[in-house]
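Following the numbering used here, the numbering of the sequence shown begins with 14 at its first residue and continues without gaps. Ideal placement from N, C-alpha and C gives every residue a C-beta, glycine not left out. The structure appears below as structure tokens.
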Amino acid sequence: MKELSQVLKTSLWATVGGLGALAVFNAWISSQTQPLQSLLPGEERHHFWRGHRLFYKVMGSGQPLLLVHGIGAGSSSYEFRAIMAELGQHYQVYALDLLGWGNSERPDLKYTGSLYAEMIGDFVQEVIGRPCHVIANSLSAGFALRSARLQPHHWQKLLLIAPLGDNSLIPDALGIPLAQIAYGFLSLPVLGLAFYNGITAPWSVRLFTEQSLF
Numbered sequence: 014m015k016e017l018s019q020v021l022k023t024s025l026w027a028t029v030g031g032l033g034a035l036a037v038f039n040a041w042i043s044s045q046t047q048p049l050q051s052l053l054p055g056e057e058r059h060h061f062w063r064g065h066r067l068f069y070k071v072m073g074s075g076q077p078l079l080l081v082h083g084i085g086a087g088s089s090s091y092e093f094r095a096i097m098a099e100l101g102q103h104y105q106v107y108a109l110d111l112l113g114w115g116n117s118e119r120p121d122l123k124y125t126g127s128l129y130a131e132m133i134g135d136f137v138q139e140v141i142g143r144p145c146h147v148i149a150n151s152l153s154a155g156f157a158l159r160s161a162r163l164q165p166h167h168w169q170k171l172l173l174i175a176p177l178g179d180n181s182l183i184p185d186a187l188g189i190p191l192a193q194i195a196y197g198f199l200s201l202p203v204l205g206l207a208f209y210n211g212i213t214a215p216w217s218v219r220l221f222t223e224q225s226l227f
């Protein structure tokens, strides 16, 4: 019994020490983080959606075209940098950073497919103000599809790049316990933040893009 008690005490101290080290790591990452600079052409603007700040850029004239980036470590509207200026010669282009990404605010919310579908639809209604075309990538293609089903009058044509299903980020529709476990882990104050800092570090983003995208 005495040996078991010693093992438990050692494990407890090791856990506390590990969490303390992760907390220090998170604080150091936070202190090193610099504000993002958008390298996209166009005029920088902000829109407050349900009290949270959305960042977007707009340029050109003509029929409105909304660009919605994919979801992944380091994702933002920057992924449209090679085509935005040319699209701006034919359309009024809006490049949106979704809530939690890029230069937009990162509030403590439960991010779901429904949330993003409503956000995109509201952005069209409140900012663009008329039916528009959309180019959406990956998971965001699913968000755009869901928004188009909910509010079809907001949309003209949808161009979807490597689309995933519109239930991809809705835990209730997945029916997979592992998804709930992963979401719970990422929601932990210290461990979840440390994991986030790890997968969004420059070397991690570079490794992912080299192995999985290009």
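For residue i, the three-state DSSP class (helix, strand or coil)
i	result
Leu67	strand
Glu118	coil
Val140	helix
Tyr107	strand
Pro215	helix
Tyr209	helix
Ile133	helix
His82	coil
Leu100	helix
Leu172	strand
Leu112	coil
Ala95	coil
Sequence-distant residues of its chain with Cβ nearer than 8 Å to residue i (five each side left out)
i	result
Pro184	Legend: pLDDT at Pro184 = 48, less than 50; position of this residue unreliable, value from coordinates given subsequently. Closer than 8 Å at the Cβ level, and outside the excluded window around Pro184, lie Thr125, Ala192, Gln193 and Tyr196.
Leu172	His146, Val147, Ile148 and Ala149
Glu139	His60 and Trp62
Ala34	none
Leu4	What is shown of the chain runs 14 to 227, which leaves residue 4 out entirely.
Contacting residues, own chain, Cβ-Cβ under 6 Å from residue i (five flanking each side not counted)
i	result
Gln76	Tyr104
Val218	Ala86 and Gly87
Environment of residue i [buried if 16+ CB atoms lie within 10 Å]
i	result
Arg162	exposed
Glu57	exposed
Ala175	exposed
Val37	exposed
Ala95	exposed
Gly134	buried
Phe156	buried
Leu182	Low per-residue confidence applies at Leu182: pLDDT is 46, beneath 50, and the placement is therefore not dependable, though the value from the model is reported in the following sentence. Buried is the call here.
Ser153	buried
His167	buried
Neighbourhood of residue i by C-beta, 7 Å cutoff - its chain only, sequence neighbours within 5 removed
i	result
Gly211	Ser217
Three or more C-beta pairs closer than 8 Å, one from the stretch 62-79 and one from the stretch 114-127: is that the case here? yes
Whether or not the stretch 126-133 and the stretch 89-99 are in contact is what I'm after, with contact meaning three or more pairs of Cβ atoms, one per stretch, closer than 8 Å; do they touch? no
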